[in-house]
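A short write-up of the structure that comes next.
Residue numbers (full-length UniProt numbering): 1 to 294.
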């Protein structure tokens, strides 16, 4: 019987100690899992006791399309509320002249061109000297004339002027145009006006200044037709004199393929104004020269 009691004690008492130890082990394990652990990088990892972050819910396809449509409608509303200003294309001289009706040049047009160019280059007193009177101008072309018919109107006594002219290096009639091709065209238009008068083309294309100086010195020239730059060069080299000049005709109304007039082409305009300043304007003020706008 004593043996039976001993066996019973062993079975019950000894097993309780073991179970107690197992419970302690399980309890420590549970605590260790609940406490935050430290990673190699020194950052603590959250324990099981901290609530896990909720993952964002995925939006359904229908919701996405609805949002995109709403955003697009909002953008359209913003654009309608704040429309962007379109850049206006800068109009060129060609654009303006192409749609404008041709208007015959007037003395005021030339006067304004002269004043605008020299206003920041001359004193007040010098600017007064550049102003011309209406009496300094010939009748302007009303866009109905050919060159010959216009010259017959403004130079009715041309035959007498031609006969009295005997000075070399000078001309009584000077016609100024914008290009070499236009020079040749105008010379062809002089046929019914010039009679037996000698006409000389005065432009830079294929003709050197020195050659033109020799031609002017060689004989008497009645009519000179040329470009402002070459005429200015001849005057500076004393190959052309304005001493005998009585009629200065500007090819003012003619337009090139870009619808530009002489005064609309920057380089030609500057050369023309320099030519006028060389002596033509002085001759006008003295009553020796009259200007015509053809």
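Just so you know, even glycine gets a beta-carbon here, dropped at the ideal spot from N, CA and C.
Among the residues of its own chain, which have a CB less than 8 Å from the CB of residue i, if the five just before and after it don't count?
{"i": "residue 111", "result": "131, 132"}
{"i": "residue 271", "result": "227, 228, 229, 232"}
{"i": "residue 202", "result": "183, 212, 224, 225, 226, 227, 230, 231, 234, 240"}
Which one of the options has the shortest CA to CA distance from residue i?
{"i": "residue 163", "options": "223, 70, 283, 267", "result": "223"}
{"i": "residue 244", "options": "161, 178, 208", "result": "161"}
{"i": "residue 145", "options": "189, 262, 287, 195", "result": "189"}
{"i": "residue 199", "options": "211, 219, 114", "result": "219"}
{"i": "residue 184", "options": "251, 268, 283", "result": "251"}
{"i": "residue 221", "options": "174, 255, 257", "result": "174"}
{"i": "residue 157", "options": "239, 276, 215, 247", "result": "247"}
{"i": "residue 109", "options": "127, 125, 126, 137", "result": "137"}
{"i": "residue 102", "options": "169, 142, 235, 197", "result": "142"}
{"i": "residue 182", "options": "70, 74, 261", "result": "261"}
{"i": "residue 168", "options": "125, 201, 242", "result": "242"}
In angstroms, rounded to a whole number, what distance separates the CA positions of residue i and residue j?
{"i": "residue 106", "j": "residue 293", "result": "7 Å"}
{"i": "residue 176", "j": "residue 76", "result": "60 Å"}
{"i": "residue 207", "j": "residue 135", "result": "36 Å"}
{"i": "residue 123", "j": "residue 171", "result": "32 Å"}
{"i": "residue 280", "j": "residue 289", "result": "7 Å"}
{"i": "residue 113", "j": "residue 263", "result": "8 Å"}
{"i": "residue 268", "j": "residue 150", "result": "23 Å"}
{"i": "residue 120", "j": "residue 129", "result": "15 Å"}
{"i": "residue 159", "j": "residue 195", "result": "8 Å"}
{"i": "residue 192", "j": "residue 152", "result": "9 Å"}
{"i": "residue 166", "j": "residue 285", "result": "24 Å"}
{"i": "residue 116", "j": "residue 266", "result": "13 Å"}
{"i": "residue 291", "j": "residue 259", "result": "23 Å"}
{"i": "residue 253", "j": "residue 282", "result": "24 Å"}
{"i": "residue 45", "j": "residue 70", "result": "Reliability fails at residue 45, whose pLDDT of 49 lies under 50, so the model's placement of it is uncertain and the value that follows must be treated cautiously. Approximately 42 Å, taken between the alpha carbons."}
{"i": "residue 73", "j": "residue 178", "result": "59 Å"}
{"i": "residue 287", "j": "residue 255", "result": "30 Å"}
{"i": "residue 126", "j": "residue 118", "result": "9 Å"}
{"i": "residue 257", "j": "residue 249", "result": "22 Å"}
Skipping 5 residues on each side, what residues in its chain have a beta carbon closer than 6 Å to that of residue i?
{"i": "residue 204", "result": "230"}
{"i": "residue 154", "result": "138, 139, 292"}
{"i": "residue 43", "result": "Confidence in residue 43 is poor, its pLDDT being 47 and thus under 50, which makes the residue's placement too unreliable to answer from."}
{"i": "residue 278", "result": "235"}
Can you list, in chain order, the residues of its chain with a C-beta nearer than 7 Å to that of residue i? Leave out the 5 residues immediately preceding and following it.
{"i": "residue 237", "result": "209, 213"}
{"i": "residue 147", "result": "186, 189, 190, 294"}
{"i": "residue 197", "result": "162, 222, 223"}
Any heavy atom of the ligand MG closer than 8 Å to the Cβ of residue i?
{"i": "residue 177", "result": "You won't find the ligand MG in this model; it holds no ligand whatsoever."}
Assuming residue i contacts residue j (C-beta within less than 8 Å), just tell me the rounded distance between them.
{"i": "residue 186", "j": "residue 225", "result": "5 Å"}
{"i": "residue 140", "j": "residue 104", "result": "6 Å"}
{"i": "residue 240", "j": "residue 216", "result": "6 Å"}
Is residue i close to chain C? Criterion is C-beta to C-beta, closer than 9 Å.
{"i": "residue 186", "result": "The chain inventory of the structure shown lacks chain C, comprising one protein chain alone."}
Entirely enclosed beta strand (DSSP E) segments - the segment 178-255, minimum 3 residues = 199-202, 223-226, 247-250
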